[in-house]
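Enquirer: In the numbering used here, the protein residues as written are 716 to 1059.
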Amino acid sequence: MEKENLSVVLHSQGDLRLEQRPIPEPGPNEVLLQMHSVGICGSDVHYWQNGRIGDFVVKKPMVLGHEAAGRVVKVGSAVKNLKEGDRVAVEPGVPREMDEFFKSGNYNLSPTIFFCATPPDDGNLCRFYKHSANFCYKLPDNVTYEEGALIEPLSVGIHACRRAGVTLGSSVLICGAGPIGLVCLLVAKAMGASQVVITDLSADRLVMAKELGADFPLTVKREDGPEELAKRVQGLLGAQPHITIECTGVESSVQTAIYVRMGAAMTTVPLLNAAIREVDIRGVFRYCNTWPMAIAMLASKKVNVAPLVTHRFPLEQAVQAFETTRQGQGVKVMLKCDKTDQNP
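#1: Report the CB separation of Pro1059 from Thr882 in whole angstroms; it is logged as a contact under 8 Å.
#2: Going by DSSP in three states, Thr963 sits in which element: helix, strand or coil?
#3: Do Val787 and Leu748 count as a contact pair if the criterion is CB distance below 8 Å?
#4: If the criterion is Cβ atoms closer than 8 Å, does the pair Leu865 and Val1020 meet it?
#5: What do you get for Met813, buried or exposed, if any count of 16 or more other CB atoms within 10 angstroms of its CB means buried?
#6: Report the three-state DSSP secondary structure of Thr934 (helix, strand or coil).
#7: Threshold first: 3 residues or longer. Then list the beta strand (DSSP E) segments lying entirely within the segment 890-928, N to C.
#8: Quick one: what's Arg786 bridged to in DSSP?
#9: Just to confirm before moving on: does the CB-CB distance between Val832 and Gly780 stay below 8 Å?
#10: What distance in whole Å lies between the Cβ atoms of Pro834 and Val773, which are believed to be in contact at a cut-off of 8 Å?
#11: Based on DSSP bridge pairs, tell me the residues matched to Thr882.
#12: For Tyr844, which residues of its own chain have a beta-carbon under 6 Å away from its beta-carbon, when the five flanking residues on both sides are left out?
#13: Contact defined as beta carbons within less than 8 Å: I believe Leu1030 pairs with Leu721. What is the distance between those atoms, to the nearest angstrom?
#14: Closest by CA to Arg732, which one among Trp763, Glu806 and Ile738?
#15: Check Met1064 in the structure and name its three-state DSSP category.
#16: Decide if Glu740 is buried, meaning its Cβ has at least 16 other Cβ atoms within 10 Å, or exposed.
#17: Out of Phe1000, Gln735 and Gly785, point me to the one whose CA is closest to Glu862's CA.
#18: Do the CB positions of Leu830 and Pro807 come within less than 8 Å of each other?
#19: Have a look at Ala924 and Ile960 and give me their C-alpha separation to the nearest angstrom.
#20: So the candidates are Gly1043, Gln1044, Val1024 and Gln1057; which of them puts its Cα closest to the Cα of Glu782?
#21: Nearest-angstrom Cα distance between Pro743 and Lys718?
#22: Can you give me the C-alpha to C-alpha distance between Cys1052 and Val753, rounded to a whole angstrom?
#23: State yes or no: is the beta carbon of Thr1055 nearer than 8 Å to at least one beta carbon in chain C?
#24: List the residues that DSSP assigns as beta-bridge partners of Cys841.
#25: Compute the beta-carbon to beta-carbon distance between Gly838 and Val778, rounded to the nearest angstrom, for a pair I have assumed lies under 8 Å.
#26: Do you know offhand how far Leu1050's Cα is from Lys798's?
#27: Looking at Thr1039: is its Cβ nearer than 8 Å to the Cβ of His874?
#28: Report the partner residues of His1026 according to the DSSP bridge assignment.
#29: Does the beta-carbon distance from Ala1014 to Asn857 come in below 8 Å?
#30: What residue range is occupied by the uninterrupted alpha helix (DSSP H) comprising Lys946?
#31: In its own chain, which residues sit with a C-beta less than 8 Å from the C-beta of Ser1066, not counting the 5 before and 5 after it?
#32: Can you tell me the Cβ-Cβ gap for Val803 and Lys853, rounded? I've got them flagged as a contact below 8 Å.
#33: Helix, strand or coil for Lys818, going by three-state DSSP, please let me know.
#34: At what residues does the alpha helix (DSSP H) containing Tyr852 begin and finish?
#35: Is Ala892 near Ser909, with beta carbons less than 8 Å apart?
Here it is, written out as structure tokens:
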């Protein structure tokens, strides 16, 4: 096993560094992972550029990264479900206590949850990382490390579509064709949505959306009014969509989602506060109980996330990878953390 643990560490707003950290020792219920593939999320870039997301403020150096897959290289004394050599995907949120949210199955809402790369908790954009064995999921042989890392954003899509009630025959409007909008598209189709309209400012992203199964990619402009956009969506579908999944956080996009249908369900990613026209608005915060379904979707080829990866960088080029993401180039930038294996 290697002796160095190169890590991507955010010290403060705008101060991103590559530095060596000690290789951690797993506790009784933990495993030590040699990280293989870690995707860069918009939240990673936001912490880098702003030093905070809402109430989560970077107050001390923090390792970034939470979209991850790797190989088990050491197991804790009490671990029974994993062994050395197992390839696993990492669920980044681990409950710290059996509180009311844990007991109700909504552990993602626990205020004390450990979550990778959310202050003050370190992430896994490094060579070696330890994590709860119960939140590391074995990957089937036909699922790559990169697909394993993409289970994290895919889980956002699964949780959003569950919350929205997507089912056979649903017509769905997805606002935003970034990584989260695209995984929502994949999941909606896998869950039986008959027609999906997806909107974005970027023609390139809508080309990918079409390739991934969108029925109606719709280019929008910043100056477009929400009521006019709603009419265009209804014109494409021939009716009002049953469900809208809002993935941009842009106020005009939220307004479009509200105007597009009376009495519909709308899921917002992230949580937005609004309630008019009897539109049923359901917030989405991360995910819970999604990894098994995501793995089943990937293994059965019900969804194909591989095209989302448009750029790859070795861990040593992390700063360049972050800059590529910040500039909006491509869709998903993947960092390769294992020097001996740079394959997908």
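Beta carbons are placed, not taken as given, at the ideal position from N, Cα and C, and that holds for glycine.
Expert: So, to answer that:
#1: At roughly 32 Å, the Cβ-Cβ gap does not stay under 8 Å, so Pro1059 and Thr882 are not in contact.
#2: coil
#3: yes
#4: yes
#5: exposed
#6: strand
#7: 910-915
#8: Gln749 and Arg802
#9: Going by the sequence as given, residue 832 is Ala instead of Val. Going by C-beta atoms, Ala832 is nearer than 8 Å to Gly780.
#10: 5 Å
#11: Looking at the DSSP assignment, Thr882 forms no beta bridge with any residue, so it has no partner.
#12: Leu748 and Met750
#13: 6 Å
#14: Trp763
#15: Nothing can be reported for residue 1064: it is not among the residues displayed for the chain, which extend from 716 to 1059.
#16: exposed
#17: Gly785
#18: Residue 830 is actually Phe in this sequence, not Leu. Yes; because the gap between Cβ atoms is below 8 Å, this pair is in contact.
#19: 15 Å
#20: Val1024
#21: 22 Å
#22: 7 Å
#23: The chain labelled as chain C is not found in the depicted structure, where only one protein chain is given.
#24: Ser722
#25: 5 Å
#26: 25 Å
#27: no
#28: Val1048
#29: yes
#30: Pro941 to Leu952
#31: Residue 1066 lies beyond the stretch modelled for the chain, which goes from 716 to 1059, so this question has no answer here.
#32: 6 Å
#33: helix
#34: Taken as a continuous stretch (DSSP letters only), Tyr852 belongs to no alpha helix (DSSP H), being part of the beta strand (DSSP E) at Cys851 to Lys853.
#35: no
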